Every structure is written in structure tokens, then in C-alpha cells.
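I have placed the structure first, in the form of C-alpha cells, so that the comments after it can refer back to it.
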Amino acid sequence: MSNASVAEVTSRPILTEERPAETRPESLPCITIIDRPVAPVRAPKGDSVAGTVSLMMLAGDEFGRMHELDELRVHDGRLHGVSRESVPMGSIVTLGWQDPSRTACRGVVAFSIRATSGWRVTVELDSKLAA
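Quick note on my numbering: the sequence shown kicks off at 25 and runs consecutively.
Here's what the structure looks like:
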């Protein structure tokens with residue numbers, strides 16, 4: 025096949041024929057759009073913690089920078105909360121609680137992902153200081 029014959033084939037106009045749906049041939053596959061399944065809402069695990077917690081960065085370029093977390097939950101040695109801004113994963117932080125009955129502790133930011141209400145952040149608490 026030469027280039028001229030390819031050009032002829034591709035330059036021909038494509039004709040479409042309008043027919044009512046019941047008279048169209050069913051030679052092409054039909055795609056039916058179904059509403060996406062709604063994912064079940066998981067109940068949050070762990071104990072709810074009143075107040076907020078301040079994360080202070082202990083290393084790197086952001087040393088001393090503070091981040092506030094609210095909507096707090098503690099589960100399996102991890103603190104889960106929501107921040108207004110991104111917290112770099114892998115950051116070593118110290119936690120200062122709004123609740124004076126809790127003691128400060130250290131941890132590592134294990135997870136930080138964008139959510140509708142801010143950034144979902146998970147801090148792996150240092151087991152020696154989290155008890």
C-alpha cells in the first residue's frame with residue numbers, strides 16, 4: 025500500500041446515519057453506565073481525644089516549625105488528626121497537647137494525605153514516651 029492510498033482512505037468523509045434506537049443494528053457493544061458503588065463508611069478506630077495537639081519539627085529545614093492537629097484519635101500507638109497544611113512524611117516531631125493532663129512525647133510523621141477538610145496526618149508515637 026502506498027502513501028497515496030492511505031491518504032485517500034483517511035481523507036474520505038465519515039457518514040453517519042441517524043435511526044431511531046429500536047431500528048439500529050446491535051453490532052457494536054453497548055456500555056451501560058451504572059452509578060458508582062458507594063464505599064461503606066468506616067467507623068474511625070481508636071479513642072477520641074479532646075482538644076488539639078501541636079507538632080513541632082525537630083530536624084531538617086523546617087526545624088522549629090509548628091503544625092496544629094485537631095479531630096484527634098489515638099489507636100495502636102498512632103495519633104491521627106487533621107492539619108490545615110501539609111506535614112512532611114518522615115519528619116521527627118514533638119507533640120504538645122492542649123490537655124494539660126497529657127505529657128509531651130515524640131513521634132515520626134508516618135502519613136500525610138490531602139483530604140476535603142485539610143491534611144490527614146498520622147504520627148507514629150515513640151513507644152518509650154507514648155505510654
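Quick reminder that beta carbons are idealized off the backbone N, C-alpha and C, glycines included. The model shown is predicted, which means the values in this text are computed figures rather than measured ones.
_Cutting at 8 angstroms between CB atoms, please list the residues of its own chain near Arg89, excluding the five before and the five after it._
Met80 and Met81
*Rounded C-alpha distance that separates Leu119 from Val77*: 6 angstroms
_Closest by C-alpha distance to Thr140, when choosing among Gly70, Val132 and Glu109_ = Glu109
_Environment of His104 [buried if 16+ CB atoms lie within 10 Å]_ = buried
*How close, in whole Å, do the beta carbons of Arg97 and Ser72 come, if the pair is a contact with beta carbons under 8 angstroms?*
6 angstroms
*So what does DSSP say about Thr118, is it helix, strand or coil?*
strand
*Within 10 angstroms of its Cβ, does Cys54 collect 16 or more other Cβ (buried), or is it exposed?*
exposed
_Tell me the rounded alpha-carbon separation between Asp123 and Gly75._
7 angstroms
*Same chain only: Cβ atoms within 7 angstroms of Asp150, ignoring 5 sequence neighbours per side*: Cys129, Arg130 and Gly131
*Where the beta strand (DSSP E) containing Glu95 begins and where it ends*: Met90 to His99
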